[in-house]
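Residue numbers (the working numbering): 24 to 691.
Have a look at the structure below, then the notes.
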Ligand code: ZN
């Protein structure tokens, strides 16, 4: 474990809280210490209150903050004396504890103090650091964990058997330390949970953490626990359609569209292919707090010899069905009759031959589950080498999963955005209508794959929720590859906005250049057919799948001089109508938008605009609002309509053509 303390950097911070921020971030940078909001830190300091009297406060990490990015505002200031008094109560339920901690704050707008605030308060040192360090937890998650920890650290640490975090943990440590000499201790090891270190300076507390964890890492190495896995063959062919099947089944059982993160890294595949994986992966999580993200155990999809596409659906359905049954039994075994059961679907899957799959309602959540799994599978194998991976009994995990503080959150969940968990693909996405569609879909919660021939597409949008990829849509292989990569990225496909287009030069039929004609047909028509062909197998497994085709006002009301464009767009509209007929039986909706005079797109250069205006004998300004309503149509307007068509408003509509043109007599 690298000691990241830098004397010069630290010297820039001249007060207790700023130094607390500095060293908290050092801990947060190291995923082997804290993962996604895990761990917490504090500092005790004296401030003057409104009456000018000194007051002792504990600045403790607020919930919802991450150590890697924490700022001073992420620490909640709580009256130290009150926290130290709370621990003397014979009992206190955690909801009341959270309320009392909030009452004791001196800054009402601060976040809720960590549930481990009382424990921080009773440790008699200025700085306190707490992590869920992988190496330490790995050693404790074995059959002889406690003995090994004692052998490793001797009397330098206090060893605390596992109890629930919150008041019970603070009370346990309080009682264990009544007659202890704190100056002899460098830290506290919470079995199956993590490490506390402390010191009079930020540096001392931080360096003790690094020291204790480094010793655990060396111990694992010396004990031969750090061993490479046997190599595994690459993922099976047909992997992506299998993934889309799995994501569909999980989304159905969740009752929500889900993102599926497929991990086919060597480590993931090697773990998934272990002969004993079904046993190893289902003994429990690395630390109990992970249960909130991962559930107690993953879905294990048993490999079937000669697994074929035909029976794949059955294999997945059976595995998920069994998982749900087992989860419901687990809930029934432990509930007190008053708890609200969580959705019984798995949060991740171990899939021999395919890898590991993590699920989430957002890309961020699925990636967090994936990160946790990455750390968990390493710990499992190291603990196995130490004589046997052993997680906490299921009752302890259940108590964390159904903690009163977590149950309370169930009733305060906000309404998710329209496209949360949905996966969309947009072509022609680097500018104009395509770009506006990507932005609108993303804003409404979708994960989007944005394709464009222009290289700027790879940097135009922010990963990981929008994934930009260069693709020449007239190149069938490139298109197939791009659609596959969308599925690989997010697990499936629900929405396709077929938008890529080109506006050829104005030429009468008599003077049309053959290249103009062929290019227009290739981009404006044939590429859409290739796209549909590539997407249909995945859309069949989509959640309320929808295709939106960007047509043109030229279809119902063509003009002279643009036959190459009008004919291609008319063909495209006919393609969409046939698609609506063919795909309805799979629940896939296909609708067409006919925009007119959208001038903020790449095809409308000032020259083209000028030429068309002149052609109709108008000024550019008049030409732009040349419609019944006298309004200008923007890419954003078209994107809004495309989102409505892809969303629940059009859930029962297919095969329609909707104009967005400000009203046109010839169309009406
Ligand atoms: Zn903890």
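In this text, a Cβ means the ideal position worked out from N, Cα and C, and glycines have one as well.
Note that the structure is a prediction, hence the values are computed from the model and not measured.
Using 10 angstroms around the beta-carbon of residue 215, count the other beta-carbons present and answer buried if the total reaches 16, otherwise exposed. One-based indexing of the chain shown puts residue 215 at position 192. It counts as buried.
Residue 61 CB to nearest heavy atom of the ligand ZN below 8 Å: One-based indexing of the chain shown puts residue 61 at position 38. Set against 8 Å, the gap from the CB of residue 61 to the closest heavy atom of the ligand ZN is smaller.
Give the range of the beta strand (DSSP E) segment to which residue 181 is assigned. Taking the chain shown and counting its residues from 1, the one referred to as residue 181 is at position 158. For residue 181, the enclosing beta strand (DSSP E) covers residues 180-183.
Exposed unless 16 or more other CB atoms sit within 10 angstroms - verdict on residue 286: Locating residue 286 in the chain shown gives position 263, counting from the first residue. Residue 286 comes out buried.
Could you say if the segment 115-134 and the segment 32-51 meet the contact criterion of at least three C-beta pairs nearer than 8 Å? As far as the Cβ criterion goes, the segment 115-134 does not touch the segment 32-51, which means the pair count is below three.
For a minimum of 4 consecutive residues, which ranges assigned as the alpha helix (DSSP H) are wholly contained in the segment 217-283? Every unbroken stretch of the alpha helix (DSSP H) spanning 4 or more residues and falling wholly within the segment 217-283 is given here in chain order: 225-245 and 262-277.
Does DSSP put residue 355 in a helix, a strand or coil? Position 332 of the chain shown holds residue 355. It is helical.
Among 322, 380 and 313, which has the Cα closest to the Cα of residue 305? To locate residue 305, count along the chain shown from 1; it is residue 282. Sorting 322, 380 and 313 by C-alpha distance to the C-alpha of residue 305 places 322 at the top.
Are the CB atoms of residue 81 and residue 67 nearer to each other than 9 Å? For this step, residue 81 is matched to residue 58 along the chain shown. For this step, residue 67 is matched to residue 44 along the chain shown. With contacts defined as CB atoms closer than 9 Å, residue 81 and residue 67 qualify as a contacting pair.
Considering only the alpha carbon of each residue, which of 262, 221 and 207 lies closest to residue 508? Translated into the one-based positions of the chain shown, residue 508 becomes position 485. Minimum Cα-Cα distance from residue 508 among the listed residues 262, 221 and 207 corresponds to 262.
Contact between the segment 87-107 and the segment 128-140 (3+ Cβ pairs under 8 Å): Because the criterion of three Cβ pairs below 8 Å is met, the segment 87-107 and the segment 128-140 touch.
DSSP bridge partner residues for residue 550 (one or two, in chain order): Translated into positions along the chain shown, residue 550 becomes position 527. Note: residue 550 sits in no beta bridge, so no partner.
Output yes or no for whether 9 Å exceeds the beta carbon distance between residue 83 and residue 119. Walking along the chain shown from the start, residue 83 turns up at place 60. Walking along the chain shown from the start, residue 119 turns up at place 96. 9 Å or more divides the Cβ of residue 83 from the Cβ of residue 119.
Out of 56, 572, 69 and 94, point me to the one whose CA is closest to residue 682's CA. As a working note, residue 682 is residue 659 in the chain shown. Among 56, 572, 69 and 94, the Cα nearest to that of residue 682 belongs to 572.
Using beta-carbon positions only, say whether residue 658 and residue 621 come within less than 9 Å of one another. Stepping through the chain shown from its first residue, residue 658 is reached at position 635. Stepping through the chain shown from its first residue, residue 621 is reached at position 598. Yes, the Cβ-Cβ distance between residue 658 and residue 621 is below 9 Å.
Quick one: does the C-beta of residue 136 sit closer than 8 Å to a heavy atom of the ligand ZN? Indexing the chain shown from 1 puts residue 136 at position 113. Checking the Cβ of residue 136 against the ligand ZN gives no.
Go ahead and label residue 351 buried or exposed: buried means 16 or more other beta carbons lie within 10 angstroms of its beta carbon, across all protein chains shown. As a working note, residue 351 is residue 328 in the chain shown. Its Cβ having fewer than 16 others within 10 Å, residue 351 is exposed.
Please specify which runs of the alpha helix (DSSP H), each continuous and at least 4 residues long, are wholly inside the segment 474-546, giving them in chain order. Taken in chain order, the complete alpha helix (DSSP H) segments of 4 residues or longer contained in the segment 474-546 are 480-483, 499-513 and 537-544.
Segment limits, beta strand (DSSP E) that includes residue 306: For the purposes of this step, residue 306 is taken as residue 283 along the chain shown, with counting starting at 1. From DSSP, residue 306 is part of no beta strand (DSSP E); its letter is neither H nor E.
Counting only runs of 3+ residues fully inside the segment 123-209, write out the beta strand (DSSP E) ranges in chain order. Runs of the beta strand (DSSP E) lying entirely within the segment 123-209 and spanning at least 3 residues, in chain order: 150-154 and 180-183.
On the CB-based measure, 16 or more other CB atoms within 10 Å of its CB, does residue 615 come out buried or exposed? Position 592 of the chain shown, counting from 1, holds the residue named residue 615. Counting Cβ neighbours within 10 Å, residue 615 comes out buried, since at least 16 surround it.
Endpoints, alpha helix (DSSP H) assigned at residue 465: Residue 465 sits at position 442 when you count from the first residue of the chain shown. If you look at residue 465, you'll find it in the alpha helix (DSSP H) that goes 455-466.
Could you check if residue 188 belongs to the surroundings of the ligand ZN, using beta carbon to heavy atom distance under 8 Å? For this step, residue 188 is matched to residue 165 along the chain shown. Remark: the C-beta of residue 188 is in contact range of the ligand ZN, defined as less than 8 Å to any heavy atom.
How would you label residue 192, buried or exposed, when you count the other beta carbons within 10 angstroms and need 16 or more for buried? Taking the chain shown and counting its residues from 1, one reaches residue 192 at position 169. Around the CB of residue 192, 16 or more other CB atoms lie within 10 Å, so the residue is classed as buried.
Where does the unbroken beta strand (DSSP E) through residue 84 begin, and where does it stop? Translated into positions along the chain shown, residue 84 becomes position 61. The continuous beta strand (DSSP E) containing residue 84 extends over residues 77-84.
Between residue 155 and the ligand ZN, is there a pair consisting of the residue's CB and a ligand heavy atom that are separated by less than 8 Å? Here the question's residue 155 lines up with position 132 in the chain shown. Inclusion of residue 155 in the 8 Å shell around the ligand ZN follows from its C-beta lying nearer than that to a non-hydrogen atom of the ligand.
Once DSSP output is grouped into helix, strand and coil, what is the label at residue 96? Within the chain shown, the letter at position 73 stands for residue 96. In the displayed model, residue 96 falls within a helix according to three-state DSSP.
Spatial distance of residue 548 from residue 655 (CA atoms): Taking the chain shown and counting its residues from 1, the one referred to as residue 548 is at position 525. Taking the chain shown and counting its residues from 1, the one referred to as residue 655 is at position 632. Spanning the two alpha carbons is a distance of roughly 27 Å.
Would you mind stating whether residue 408 and residue 160 have Cβ atoms separated by less than 9 Å? Numbered from 1 along the chain shown, position 385 holds the residue referred to as residue 408. Numbered from 1 along the chain shown, position 137 holds the residue referred to as residue 160. No, these two residues do not count as a Cβ contact at 9 Å.
From this set, 530, 629, 517 and 247, which residue's C-alpha is nearest residue 8's C-alpha? Since the first residue of the chain shown is 24 and the last is 691, residue 8 is not available in this structure.
Which residues in the same chain as residue 525 place their Cβ atom closer than 7 Å to its Cβ, once the five residues preceding and following it in sequence are excluded? As a working mapping, residue 525 is identified with position 502 in the chain shown. Excluding positions up to five away in sequence, the list reads 542, 543, 546, 547 and 626.
Residue 578 vs residue 592 beta-carbon contact at 9 Å: In the chain shown, counting from the first residue as 1, residue 578 sits at position 555. In the chain shown, counting from the first residue as 1, residue 592 sits at position 569. A contact, by the Cβ cut-off of 9 Å.
Nearest candidate by alpha-carbon position, reference residue 142, set 200, 93 and 167: Sequence index remark: in the chain shown, residue 142 carries index 119 (1-based). Minimum Cα distance to residue 142 is reached at 200.
In terms of alpha-carbon separation, which member of 26, 346 and 689 lies closest to residue 325? Against the chain shown, residue 325 aligns to sequence position 302. Considering only alpha carbons, the answer is 346.
Length of the line joining the Cα atoms of residue 375 and residue 355: Indexing the chain shown from 1 puts residue 375 at position 352. Indexing the chain shown from 1 puts residue 355 at position 332. Distance between the alpha carbons of residue 375 and residue 355: 30 Å.
Cβ neighbours of residue 568 in the same chain (closer than 6 Å, five flanking residues each side left out): Taking the first residue of the chain shown as 1, we reach residue 568 at position 545. The beta carbon of residue 568 is closer than 6 Å to those of 517, 562 and 611 in its chain, skipping five residues each way along the sequence.
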